[in-house]
Structure formats: structure tokens, C-alpha cells
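Here's the structure we're looking at; comments come further down.
Chains as they are written, first to last, in the working numbering: chain A, 59 to 159; chain B, 59 to 159.
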């Protein structure tokens, strides 16, 4: 199992960001072919200091090939276009292989 | 459901780091009271550029109270002491509430 992780810095307008994320972006991501699970979590604190990030989303796939196909699909490109419009300067993305659960 | 997220920057000695993480740190975390799930994933790339991080670990709890109790427990303190010895300059931690799965 692999996952695409999207980590978002705290936006300037959290209310607007959250609404767009829930109402527009999440439905686009849910259409991705091969998506096995989507886990969205709201960052609300840290053991030390104040976190600079406010949201983490994880998109799970069977393998790297499925993940790449999803990103290259029409649905993947639609979500990428959307994220570049509302969070281009906030998002960091990683690919990760789940080792232990 | 809430989770403690530990995001690790790529260490200077990945082999040594991975061995310590798997053989020493993970067994300490698995002893935490109230831990519902541990998911460890190896970061291996990114859609754009090279990632600066190499590992993400997520520790799931029923709620923030359970998470705080785990961190304050003997087992939580043992894991914290360990992480400060092998990854103090690599780790970033967040608390997050799972919104959607």
C-alpha cells in the first residue's frame, strides 16, 4: 500500500480554505481511479510550540503504479488544477510506502 | 479519532536511523497505553522535486485525552527520551483530528 500525502500550511483565510477544501476539492479527489482510502485530518496543535500546518490529507493506493495513474487521469488533473488555484503556496506533497500498521 | 503525527527529515545516516527506528523506537511506541493504531510509512519521493523528509509515523487514539495520557505515561516518556536522542533535530510533531476516511 502506498499513499500520497498532502500537508497544508495554515492559510490566511481558514474559513474560506476549509469550505473550498470540503465542498470542492474533496469531491474531486474522491473521483480518482484506484483510490482505496482518503483520510483527511485537521491539525489542531503540537506537543511543542504552535504548528505551522493546519491540514493533512492522505490518499491510499494499492501501489505506486496505481497512484501515478490516478495523478495522470482526467480526475487527477482536475484536482491538481484546483489545488494550484486555492493552495499552491500552502501545499507540500510526498509519496510514502506504508510499512507498518 | 485523533492522531499524533511525527514527520522526520531525511537523516544523515539513513541505515542507522532506520535500524534504530524499527528495532528500538517502534517497540517503545507500541507499548503506549490507549494506542489504537500505529501507521509508519517511508517517504520515497514527491510529485515535484525531492522530499526533505523520509519517514512519517501516525499514532491513533480515541480522543485528545487518551493521547495526552499516553504522552504523560511512563511508556510515553520512554519513547520521548529515545526520540530526543536519535532524532531531536529531525522530528516535527502535530496533533490532528481525523475528519474523513
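By construction, the Cβ of each residue, glycine as well, lies at the ideal position given by its N, Cα and C atoms.
query: DSSP three-state assignment for residue 103 of chain A, whether helix, strand or coil; result: strand
query: CB contact check: residue 117 of chain B to chain A, cutoff 8 Å; result: no
query: Test: residue 95 of chain B CB closer than 8 Å to a CB of chain A; result: yes
query: Sequence-distant residues of the same chain with beta carbon closer than 6 Å to residue 131 of chain A, five excluded per side; result: 91
query: Sheet register partners of residue 119 of chain B (DSSP bridge); result: B/60
query: Classification of residue 72 of chain B by the beta-carbon crowding that lies within 10 angstroms, buried from 16 upward; result: exposed
query: Assigned exposure category for residue 101 of chain A - 16 Cβ within 10 Å defines buried; result: buried
query: Per-residue DSSP class, three states only, for residue 112 of chain B; result: strand
query: Spatial distance of residue 134 of chain B from residue 83 of chain B (CA atoms); result: 11 Å
query: Euclidean distance between Cα positions of residue 95 of chain A and residue 114 of chain B; result: 17 Å
query: Reduced DSSP category for residue 157 of chain B - H, G, I as helix; E, B as strand; rest coil; result: strand
query: Beta-carbon neighbours of residue 66 of chain B, restricted to chain A and to distances below 9 Å; result: Here the premise fails: no neighbours, minimum Cβ distance about 11 Å.
query: Buried versus exposed, by CB contacts within 10 Å (16 or more), residue 158 of chain B; result: exposed
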